[in-house]
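For the sequence shown, the residue numbers in numbering that gives the first Met the number 0 are 0 to 992.
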Amino acid sequence: MAMTPFAHDSKERHEDKPGSARGSRRRRRTAAAAVLALLVAGLYAPQIVNAPPANAFGTINGLGQRAEHERVTRAALACAPGVKSDGSCFEPRSIDQLAGHSGTFGAVGAPDLDESGDPNAHCDDADFLNVPGYPQSRAAATAQLQGCVDHLRQRFTQGVSAAAGLLDSSGELIPGEADVSFDCTFGGGVSGRAKCNAIEGLGRALHGAQDFYSHSNWADQSDPTKPISVTNPPGLNLPGPSPILDLAGSGPISVPTDLTTGFYAGIFSDNCPGKSGRITHACLNKDKALIDPTTGTATDPRTPRGQVLDNEQKAVSGAIAETQRQWADFRNAIISQYGSDNGQRMILAITQDIPKVDVVFAIDTTGSMSPYIASAVSAANSILDDLSGRGTPARLTDYRIGLVDYKDVDSTIPGCPPDYDAVIDLNFATKRTDVINALGTLPGKVGGGCDIPEDVLSGVNTAVGFPWRPGVSKAIIVMGDAPGHDPEAHSGLTSASVMAAANAVDPASVYPILVGFDPSATSFMTQLATGTGGQTFDSNAPGGVGGALIDAITAIASAPPGGDTTPPTVTVNLPTAPDSQSGVFNASQAPVTGTVTATDASGVSAIDCTDSGGAVTEGPLTIDASGNASRTLTVTGDGQHIVQCGATDGSATKNTGAADGSDSAAALEIDTTAPTVGCSVVPTELTPADGGLVTVDANVMVGDAFSGPAGFTLTAVTSSEPNNDNSIQGFDVGTADTEGQLRAESTSAAGRVYTLTYQGADAAGNTATCQATVTVPPKPGGIGVDTMVNTTIDKSTGQLASAPVSTSAGNELLLAFVSSDGPDGKTQQVTKVTGGGLTWSLAARANGTKGTGTAEVWQAHATAPLANAVVTASIKTTGYDGAITVVAYTGAAPSVGASATAGAKTGAASVKLTTTAAGSQIWAAGHDWTHAAAQTALPGQSLVEQNLDTRVGDTYWVEQSAAIPTAGPVTFGSSAPTTDRWELAAVEVRAAG
Numbered sequence: 000m001a002m003t004p005f006a007h008d009s010k011e012r013h014e015d016k017p018g019s020a021r022g023s024r025r026r027r028r029t030a031a032a033a034v035l036a037l038l039v040a041g042l043y044a045p046q047i048v049n050a051p052p053a054n055a056f057g058t059i060n061g062l063g064q065r066a067e068h069e070r071v072t073r074a075a076l077a078c079a080p081g082v083k084s085d086g087s088c089f090e091p092r093s094i095d096q097l098a099g100h101s102g103t104f105g106a107v108g109a110p111d112l113d114e115s116g117d118p119n120a121h122c123d124d125a126d127f128l129n130v131p132g133y134p135q136s137r138a139a140a141t142a143q144l145q146g147c148v149d150h151l152r153q154r155f156t157q158g159v160s161a162a163a164g165l166l167d168s169s170g171e172l173i174p175g176e177a178d179v180s181f182d183c184t185f186g187g188g189v190s191g192r193a194k195c196n197a198i199e200g201l202g203r204a205l206h207g208a209q210d211f212y213s214h215s216n217w218a219d220q221s222d223p224t225k226p227i228s229v230t231n232p233p234g235l236n237l238p239g240p241s242p243i244l245d246l247a248g249s250g251p252i253s254v255p256t257d258l259t260t261g262f263y264a265g266i267f268s269d270n271c272p273g274k275s276g277r278i279t280h281a282c283l284n285k286d287k288a289l290i291d292p293t294t295g296t297a298t299d300p301r302t303p304r305g306q307v308l309d310n311e312q313k314a315v316s317g318a319i320a321e322t323q324r325q326w327a328d329f330r331n332a333i334i335s336q337y338g339s340d341n342g343q344r345m346i347l348a349i350t351q352d353i354p355k356v357d358v359v360f361a362i363d364t365t366g367s368m369s370p371y372i373a374s375a376v377s378a379a380n381s382i383l384d385d386l387s388g389r390g391t392p393a394r395l396t397d398y399r400i401g402l403v404d405y406k407d408v409d410s411t412i413p414g415c416p417p418d419y420d421a422v423i424d425l426n427f428a429t430k431r432t433d434v435i436n437a438l439g440t441l442p443g444k445v446g447g448g449c450d451i452p453e454d455v456l457s458g459v460n461t462a463v464g465f466p467w468r469p470g471v472s473k474a475i476i477v478m479g480d481a482p483g484h485d486p487e488a489h490s491g492l493t494s495a496s497v498m499a500a501a502n503a504v505d506p507a508s509v510y511p512i513l514v515g516f517d518p519s520a521t522s523f524m525t526q527l528a529t530g531t532g533g534q535t536f537d538s539n540a541p542g543g544v545g546g547a548l549i550d551a552i553t554a555i556a557s558a559p560p561g562g563d564t565t566p567p568t569v570t571v572n573l574p575t576a577p578d579s580q581s582g583v584f585n586a587s588q589a590p591v592t593g594t595v596t597a598t599d600a601s602g603v604s605a606i607d608c609t610d611s612g613g614a615v616t617e618g619p620l621t622i623d624a625s626g627n628a629s630r631t632l633t634v635t636g637d638g639q640h641i642v643q644c645g646a647t648d649g650s651a652t653k654n655t656g657a658a659d660g661s662d663s664a665a666a667l668e669i670d671t672t673a674p675t676v677g678c679s680v681v682p683t684e685l686t687p688a689d690g691g692l693v694t695v696d697a698n699v700m701v702g703d704a705f706s707g708p709a710g711f712t713l714t715a716v717t718s719s720e721p722n723n724d725n726s727i728q729g730f731d732v733g734t735a736d737t738e739g740q741l742r743a744e745s746t747s748a749a750g751r752v753y754t755l756t757y758q759g760a761d762a763a764g765n766t767a768t769c770q771a772t773v774t775v776p777p778k779p780g781g782i783g784v785d786t787m788v789n790t791t792i793d794k795s796t797g798q799l800a801s802a803p804v805s806t807s808a809g810n811e812l813l814l815a816f817v818s819s820d821g822p823d824g825k826t827q828q829v830t831k832v833t834g835g836g837l838t839w840s841l842a843a844r845a846n847g848t849k850g851t852g853t854a855e856v857w858q859a860h861a862t863a864p865l866a867n868a869v870v871t872a873s874i875k876t877t878g879y880d881g882a883i884t885v886v887a888y889t890g891a892a893p894s895v896g897a898s899a900t901a902g903a904k905t906g907a908a909s910v911k912l913t914t915t916a917a918g919s920q921i922w923a924a925g926h927d928w929t930h931a932a933a934q935t936a937l938p939g940q941s942l943v944e945q946n947l948d949t950r951v952g953d954t955y956w957v958e959q960s961a962a963i964p965t966a967g968p969v970t971f972g973s974s975a976p977t978t979d980r981w982e983l984a985a986v987e988v989r990a991a992g
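So this is what it looks like as structure tokens:
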């Protein structure tokens, strides 16, 4: 959610001030539906920590889920083992990207990463029951489902458009755009490789389409043993695919009257039945079953709707059929948009695990090779077509081709002068024209070679020296009709030394094309092939030289790459919050620290981690004597965090990622924000003050948008006067007691104030307090309160206006207690107070510490009663929150006596004031600039009003003392909090006469 800051230098633009929790509070999700947003990110990792269970087809293997999205997608679209994709299915690494696999999240799981709160991404909230008074109409439910279909259509189109990036302007594959040797990263709107982008659009569309079968009653049936209701809606019992999910189409959808999806109110509110009177997510979901990723068979259903009849299997079967239909439509859309030739190869690029091959042709160009070279040149386009996805069967390769030709420098036959041994005709190239042109030069080079042995070893050895890519299949295709010199007189090369050199580069395997009929040539070439892991191909077979070359290319492309191609095994270890806290860490337990380790036979050179919450700090990399590595992880910030790590090994290929079987991801939740706690009492005043016990009832509300509320406790019931008359009875402190008796009697001129203090908690264990007061009027002749109004203002435009003030008599002292937020590093103040036709004057102002706002007391004397008078305080710097409390006193002198002010950037808020008369009361306005934190009054003093401004994190309060028997010095204020910026302005209210 983006925020637009105000133009003035507001604290809303400075949320990183010391001690402030505003930034995290303002950014945290306020809807309970977002609680599992990041946990369901497709992490197939069994160590994921405790968290509330997710509903609908899941994307993780844990928290009650069984990677249902992954398994449905694999059952629908994975190629059978060993089968090369023709575009209808996905090969292993490609299905890993679409469906997800160990330690990663797939494209089909991406919506649970960053669209968890969007019902359109999951086809939620289109609920309807055809009974009178249902909370949502059929039209509204259909409109909601239309929004889902339109959203999925957009994702579908996004994937089709992304496929364009797979081919260059010549229609040739761009290998790097189709590389999935390292995993795609989905989520956050970050563009990646073209294949990843195309798969992401498809996967996001598939996610919602699959959710439709888990979230709706399209494929299922109602429980025949129960009546139709919001907990048992009718089932349509229809197969997939559904005509509603025509994602390649456009326009409005048409739905059956009884179609419903589930209303999702949030993780902590998704129950069956829910409180909304609607058909909930929990009442319809068919998830948590064990799905066979090959057959799609669903067993062990664990949701109520999934356990009815064969609902679970119907939902899974429908989702599989829908997934297959969507992929067929996706393919058709690509071909329609890009044409048959390019479109088909785009589809192959999306579905095939494109092998990387480096091939060097080493060709004998002595005189007898002329017809064979001509055949090789003629076959060049067919070879390149085969590498480029235009052959049969169609397959794509990420290829580079080099060319060497060799002759015979060691010839000693008279009349046949020595020639060169081997030369490079083409360094590694990828352009078709470069390869064709280089091969086309060979016929003009044919000649020489009067004896039978040739410099085959020089030709192969020259090829071995090419700059091979690490981690690819390396092949030397040798074509010659004669054996080689062994050893070569001029170079000293032997078969053994050349094979050793070839094997030293992972290896570079030799694939001879046998031409001619010389048994010694066949024997020599076969030895090279066998010694390097290659294979021979006979050009005398049907197909000739061209066929043999195609067969060799096929074998090379199918060969596993040489060398170390496996990234390290990565393990993330993060602690688990106590079950008693719903698996959520609280403020006292944050930040959360853990470790990540990586092991690899070739050593580990780096570990890198990401956090979906954006708040993981990595400690220094430590590498032990075995080359294995570790580092600490520190996770901060409210919300859900998925920490995912990869490592780079120490091999020449620098493999990066996490090996299959790694526990490379872990999830946790942090909630450091205290709950919202409010309390009130009935009655608030005990009249008449006849000394009797009066029953008082408290109402306590605890709210928390993240981990959820977890109850409250009565922590104290206090009196501003000594409790020697058993004035407090029946309240059980330490429990959730809300009822007791208080005595309606006061022994002082100030009256008595009872204070009830409650502590509320959230599920994570964070706490906050609230206070409610019950007053007893002062004894006759003492100082009393005729009326009091309290008003808070958000972002004032220059004035803090009170609620209307009405008094019951004349000759009363009025005090306006004004507290206001202000700019950091600058001074805030009240410029004037008006209202009621009275003359107002400043009694006390606390704003001496810059950057703490202001707390002020203004006074006036009313000779006549007031009726609905609005008192207005004008503020110097506008745009800040504040509060104004106006109090009218009976039995008080017409003006205040002594006053005192103080303020500081830390410490408890208190002042020292010396009263001038016996029986006086001290009243004060206070402001905490740092936090919305409850104040704790000093003994004998009480909070009259306390405004916790959670919007910007301020507290504005009014505090009073009981009547002070004798004049003299008094310490007045709060004992806590002790670390915040504050101001306090106190005045003496004297008794009349």
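Quick reminder that beta carbons are idealized off the backbone N, C-alpha and C, glycines included. Here the structure is a predicted model, which is why all the values come from computation and not from measurement.
Residue environment, residue i, which counts as buried when at least 16 other CB atoms sit within 10 Å
i    : result
E944 : buried
E668 : buried
V39  : Reliability of the predicted coordinates at V39 is poor, the pLDDT of 30 falling under 50, and the value obtained from them is presented with this limitation in mind. Buried.
P45  : Unreliable positioning characterises P45 in this predicted model, as indicated by a pLDDT of 27, which lies under 50. The coordinate reading is nonetheless provided below. It is exposed - the Cβ of P45 has fewer than 16 other Cβ atoms within 10 Å.
Q728 : exposed
S557 : exposed
E982 : buried
K355 : buried
T970 : exposed
P240 : buried
I883 : buried
Proximal residues to residue i (C-beta, below 6 Å), its chain only, five neighbours per side dropped
i     : result
N216  : P232, G234, L235 and T259
L383  : R431
G835  : L865 and A868
Q1030 : This structure cannot settle anything about residue 1030, because the visible part of the chain is limited to 0 through 992.
Whole-angstrom C-beta distance between residue j and residue i, which should lie under 8 Å
i    : j    : result
V680 : D696 : 7 Å
T675 : T949 : 7 Å
A106 : E171 : Actually they are not in contact, since the Cβ atoms of A106 and E171 sit about 25 Å apart, beyond 8 Å.
L799 : G850 : The pair is not a contact, with the Cβ atoms about 20 Å apart (cut-off 8 Å).
V615 : A597 : No, V615 and A597 are not in contact; Cβ-Cβ is about 16 Å, not under 8 Å.
A843 : A704 : That belief does not hold up - the Cβ atoms of A843 and A704 are roughly 38 Å apart, past 8 Å.
A961 : G939 : 6 Å
Sequence-distant residues of its chain with Cβ nearer than 8 Å to residue i (five each side left out)
i    : result
A651 : P469, G562 and D563
Start-to-end residues for the beta strand (DSSP E) that takes in residue i
i    : result
F360 : K355 to D363
T714 : P708 to S718
L166 : Counting along the chain, L166 falls outside any beta strand (DSSP E), and DSSP gives it neither H nor E.
S819 : E811 to S819
K831 : V829 to T833
S508 : A507 to L513
N426 : A421 to A428
Same chain only: Cβ atoms within 7 Å of residue i, ignoring 5 sequence neighbours per side
i    : result
R26  : In this prediction, R26 has a pLDDT of 25, which is less than 50 and means its spatial position is unreliable; nothing more can be read from the coordinates.
K653 : T647
D736 : L713 and F730
R324 : P240
First through last residue of the alpha helix (DSSP H) which encompasses residue i
i    : result
F89  : Note, F89: premise wrong, no alpha helix (DSSP H); not H, not E.
Y371 : S369 to S377
What runs of the beta strand (DSSP E), each 3 residues or longer, lie entirely inside the stretch 593-668? 603-610, 615-617, 628-634 and 638-648
Runs of 4 residues minimum, wholly inside the stretch 266-304: which ones carry the alpha helix (DSSP H) assignment? 280-283
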